[in-house]
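Under the numbering used here, the first residue of the sequence shown carries the number 185, and numbering increases by one thereafter.
The beta-carbon is built from N, C-alpha and C at its ideal position, and this holds for glycine as well.
What follows is a single structure, written as structure tokens, with notes after it.
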Amino acid sequence: MINKKILMHVLGCLIACGVILSLRQIFIYPQEISSVSKAIIDDANGFIVAFMLMDFASAVKNIPWPALKLSLSIVFFLLGYLMLNWKPSVMKMGSAIFSADLTKVIKLGLISYFMRVILIFVFIYSVVGIPIAIGIIVVTNIVDIVGVVPVAVNIGANVQEMINGNDRRMEYNYIIGAVAMLISANVYAVGCALFLFIFPVLSFGTVSCMVEKKVFCIPVDTSEFENEKKDKFDRKKTRDIITKGLD
């Protein structure tokens, strides 16, 4: 079952969208909102001109879609790898959540995905909400990168389980899973569906479940590192005892 609190948030977003669309139809916005939105858009235009982002966008536009998709996938892979090394315990718990409750992950992922599409459309249509739409795009892309890591770790663990009989190190699992996702996202015909819909749904759903279970509030677990140090000390102590016995 989906949490009632989540359903209330969804209902609230839909009501807000209805209000925004209604105001757009009758062209009535508070003067303060219009002024702030215009100022943000002007600042954004200045930023674009200063950093020649239009030239960059034109260059990107000329890149074939398969090459652009491959480049974006590689960027996601590298950012995910950094995230894995920064918060390994959080990503490990995210992978466990993904594996334990895949149905809920998919449900929350679908809700998050379509709410994102609706909100972006509504705010762009409202004109004054364009800066908010841009912010939603940026935030959801960050969420997508975070969510890809547990998904890739889980895929890699399953692959290792089939091949080796165990899932080994989480870092290897991520690399295997991410490479598998990267290859499948560039397969003809089904690649676009995976890249633009299925993988984001799984990512959003995983992060939503992690937020619901307050995984991001859990401090970093250093027990594995401490156990490793203890094991090294014990081995050294054992070796010294054996050496003295031989002497």
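Checklist entry - What is the DSSP secondary structure of N246, counted as helix, strand or coil? => result coil
Item to check | Residue of V391, M394, M365 minimising C-alpha distance to L380 | outcome: L380 has its Cα closest to that of M365, out of V391, M394, M365.
Next on the checklist: To the nearest angstrom, how far is the alpha carbon of L286 from that of P315?
Outcome noted: Cα to Cα, L286 sits roughly 34 Å from P315.
Checklist entry - Would you call G202 buried or exposed, if buried means 16 or more other Cβ atoms sit within 10 Å of its Cβ? => result exposed
Checklist entry - Should A341 and A362 be called a contact, given that it needs their Cβ atoms to be closer than 8 Å? => result No, Cβ-Cβ distance for A341 and A362 is not below 8 Å.
Item to check | Inter-residue Cα distance where the pair is L195 and S279 | outcome: CA-CA distance, L195 to S279, rounds to 29 Å.
Checklist entry - How many Å lie between V374 and S368 at the Cα? => result 8 Å
Checklist entry - So is M394 buried or exposed if we call it buried at 16+ other beta carbons inside 10 Å? => result M394 comes out buried.
Checklist entry - Using the rule of at least 16 other Cβ atoms within 10 Å of the residue's Cβ for burial, across every protein chain shown, is L256 buried or exposed? => result exposed
Checklist entry - Can you tell me where the alpha helix (DSSP H) with V332 in it begins and where it stops? => result Judged by DSSP secondary structure, V332 falls within the alpha helix (DSSP H) whose first and last residues are 314–348.
Checklist entry - What is the DSSP secondary structure of S368, reduced to helix, strand or coil? => result helix
Checklist entry - G293 and G230: beta carbons closer than 8 Å? => result Their beta carbons are not under 8 Å apart, which means G293 does not touch G230 by this criterion.
Next on the checklist: Please state the DSSP three-state secondary structure of V374.
Outcome noted: coil
Checklist entry - Which one of M267, F307, E396 has the shortest CA to CA distance from M354? => result Nearest C-alpha to M354: M267.
Checklist entry - Got a sec: is the Cβ-Cβ distance from M299 to anything in chain D below 8 Å? => result Of the chains in the structure shown, none is chain D; there is only one protein chain.
Next on the checklist: What does the alpha-carbon distance come out to for the pair V399 and P334?
Outcome noted: Spanning the two alpha carbons is a distance of roughly 12 Å.
Next on the checklist: Please identify the residue among I347, Y356, N338, E345 whose C-alpha is closest to the C-alpha of F383.
Outcome noted: N338
Next on the checklist: Under DSSP, the alpha helix (DSSP H) around I295 begins and ends at which residues?
Outcome noted: 286–309
Checklist entry - Taking the Cβ atom as the reference point for each residue, do I304 and I326 lie within a distance shorter than 8 Å? => result At the C-beta level, I304 and I326 stay beyond 8 Å of one another.
Checklist entry - Near I224, what residues of its chain come up, given a Cβ to Cβ distance below 7 Å and the 5 sequence neighbours on each side ignored? => result Around I224: P315.
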